[in-house]
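In this note's numbering, the protein residues as written are 74 to 365. Ideal Cβ placement from N, Cα and C applies to all residues, glycine included. Heads up, the thing below is written out as C-alpha cells.
Written as C-alpha cells, this is what we have:
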C-alpha cells in the first residue's frame, strides 16, 4: 500500500477564480449537442465533465473512450472505475465510426482504459477502430491517446502501423511522484513507449498534471526526459481531485506559472506546448497537426 498525502477537510481550499469555466455556446456546439442527444452518442467529453467541451466541439474535435469503462489499473488520480472489465465488444469500432460520421467530427481523439487482462492489450480493437473511422469519415484526422501496453511493444506497433496523425501517451506526473500517483505504471516504461512512437516517425505527444506536489525542478526534469524520448507536443494542466478518495490537490498552480512552463518548454525545443489550468490532453488537439 502507498500512503497518499492527507489534507484535513478544514484545510481544503476552494478552487481559485482562474479555474472558472465559461458555459458552452455557439452554433457548432449546439449542432453537436443536438446530434449527441438525438442519437444517444457517447463521448468522454461528457462523461469526464471536461471543462473545454464547448470549445472543442465548436472546433469540430471530440474524444471517444473505447474498450469499456472499467480499467484494470487503479491510479490515484483517475475517476474511472477499477475492476474486472467486460468482454470486448467486437462491434465497437463500427459504432464509434458511425458516431464520428454523425457528429461530423473533423478531428477525432480516441482514448481507452487499460486492458491488462487481454493478451493484445486491446490493440486489435484500437487498430480496427482507426480503420473503421477512416472508412466512414476519410476526411477526419485522428489522435490516439494510448496506454503503455505493459511494455509489449508488438501491441503498440499494431496501433502505430495504422499511422494515426498524432499518437499520445501521457506521462501524467513527474518521476518522484509516479509510484503514488500511477501505482501500476512505470515512469521509464512510459518514456520507452513514447520513444517507440517517435521512432515510428509519428507526431508524438504527452501530458503532465500539475498540483500533485511536484516542484518546478521536477517538472523541468520531466520535460527534458520527454524531449529525449522524442516527444513533439506537450500538454500541462491543473490536476482536479475527482472525489475525496483520490489523490488530493496539493497546489493550485497560478496561470503565470503555467505560462512560465510554456516558455521553458518552447525554449527547450518542443514543437507545441499547451499549458494552462484548464488544459487537458485533447485541448486544441486539432492544432497539433504540424508538418513532420
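Beta-carbon spacing of residue i, residue j below 9 Å
{"i": "residue 349", "j": "residue 297", "result": "no"}
{"i": "residue 328", "j": "residue 91", "result": "yes"}
{"i": "residue 281", "j": "residue 245", "result": "yes"}
{"i": "residue 137", "j": "residue 169", "result": "yes"}
{"i": "residue 304", "j": "residue 278", "result": "yes"}
{"i": "residue 147", "j": "residue 155", "result": "yes"}
{"i": "residue 325", "j": "residue 166", "result": "no"}
{"i": "residue 265", "j": "residue 302", "result": "yes"}
{"i": "residue 149", "j": "residue 319", "result": "yes"}
{"i": "residue 181", "j": "residue 158", "result": "no"}
{"i": "residue 198", "j": "residue 139", "result": "yes"}
{"i": "residue 141", "j": "residue 162", "result": "yes"}
{"i": "residue 248", "j": "residue 291", "result": "yes"}
Extent of the continuous alpha helix (DSSP H) to which residue i belongs
{"i": "residue 200", "result": "196-209"}
{"i": "residue 135", "result": "Counting along the chain, residue 135 falls outside any alpha helix (DSSP H), though it belongs to the beta strand (DSSP E) covering 134-139."}
{"i": "residue 266", "result": "260-272"}
{"i": "residue 246", "result": "Here residue 246 belongs to no alpha helix (DSSP H), and DSSP marks it neither H nor E."}
{"i": "residue 338", "result": "328-341"}
{"i": "residue 228", "result": "226-233"}
{"i": "residue 169", "result": "165-176"}
{"i": "residue 297", "result": "289-301"}
Residue from the options with nearest C-alpha to residue i
{"i": "residue 263", "options": "290, 299, 288 and 233", "result": "299"}
{"i": "residue 317", "options": "151, 144, 142 and 143", "result": "151"}
{"i": "residue 307", "options": "341, 319 and 325", "result": "341"}
{"i": "residue 222", "options": "215, 192 and 251", "result": "192"}
{"i": "residue 226", "options": "285, 158, 362 and 270", "result": "270"}
{"i": "residue 343", "options": "330, 323 and 293", "result": "293"}
{"i": "residue 289", "options": "353, 333, 314 and 260", "result": "333"}
{"i": "residue 354", "options": "241, 314 and 248", "result": "241"}
{"i": "residue 218", "options": "206, 164, 184 and 189", "result": "184"}
Buried or exposed by the 16-neighbour rule on C-beta atoms within 10 Å, applied to residue i
{"i": "residue 256", "result": "exposed"}
{"i": "residue 258", "result": "buried"}
{"i": "residue 202", "result": "buried"}
{"i": "residue 194", "result": "buried"}
{"i": "residue 243", "result": "buried"}
{"i": "residue 228", "result": "buried"}
{"i": "residue 239", "result": "buried"}
{"i": "residue 276", "result": "buried"}
{"i": "residue 295", "result": "buried"}
{"i": "residue 360", "result": "exposed"}
{"i": "residue 200", "result": "buried"}
{"i": "residue 76", "result": "Residue confidence for residue 76 is low, a pLDDT of 39 falling below 50, so the modelled location carries little weight; the figure read from the coordinates is stated next. Under this definition residue 76 is an exposed residue."}
{"i": "residue 74", "result": "Because the pLDDT of residue 74 is 31, which lies under 50, any placement of that residue in the model is unreliable, and the question is left without a value."}
{"i": "residue 237", "result": "buried"}
{"i": "residue 211", "result": "exposed"}
{"i": "residue 274", "result": "exposed"}
{"i": "residue 216", "result": "buried"}
{"i": "residue 272", "result": "exposed"}
{"i": "residue 205", "result": "buried"}
{"i": "residue 87", "result": "exposed"}
{"i": "residue 231", "result": "buried"}
Terminal residues of the beta strand (DSSP E) in which residue i lies
{"i": "residue 278", "result": "276-283"}
{"i": "residue 216", "result": "214-218"}
{"i": "residue 183", "result": "180-185"}
{"i": "residue 308", "result": "306-311"}
{"i": "residue 347", "result": "345-348"}
Nearest-angstrom Cβ-Cβ length linking residue i and residue j, presumed shorter than 8 Å
{"i": "residue 213", "j": "residue 235", "result": "14 Å between Cβ atoms; not a contact."}
{"i": "residue 285", "j": "residue 312", "result": "5 Å"}
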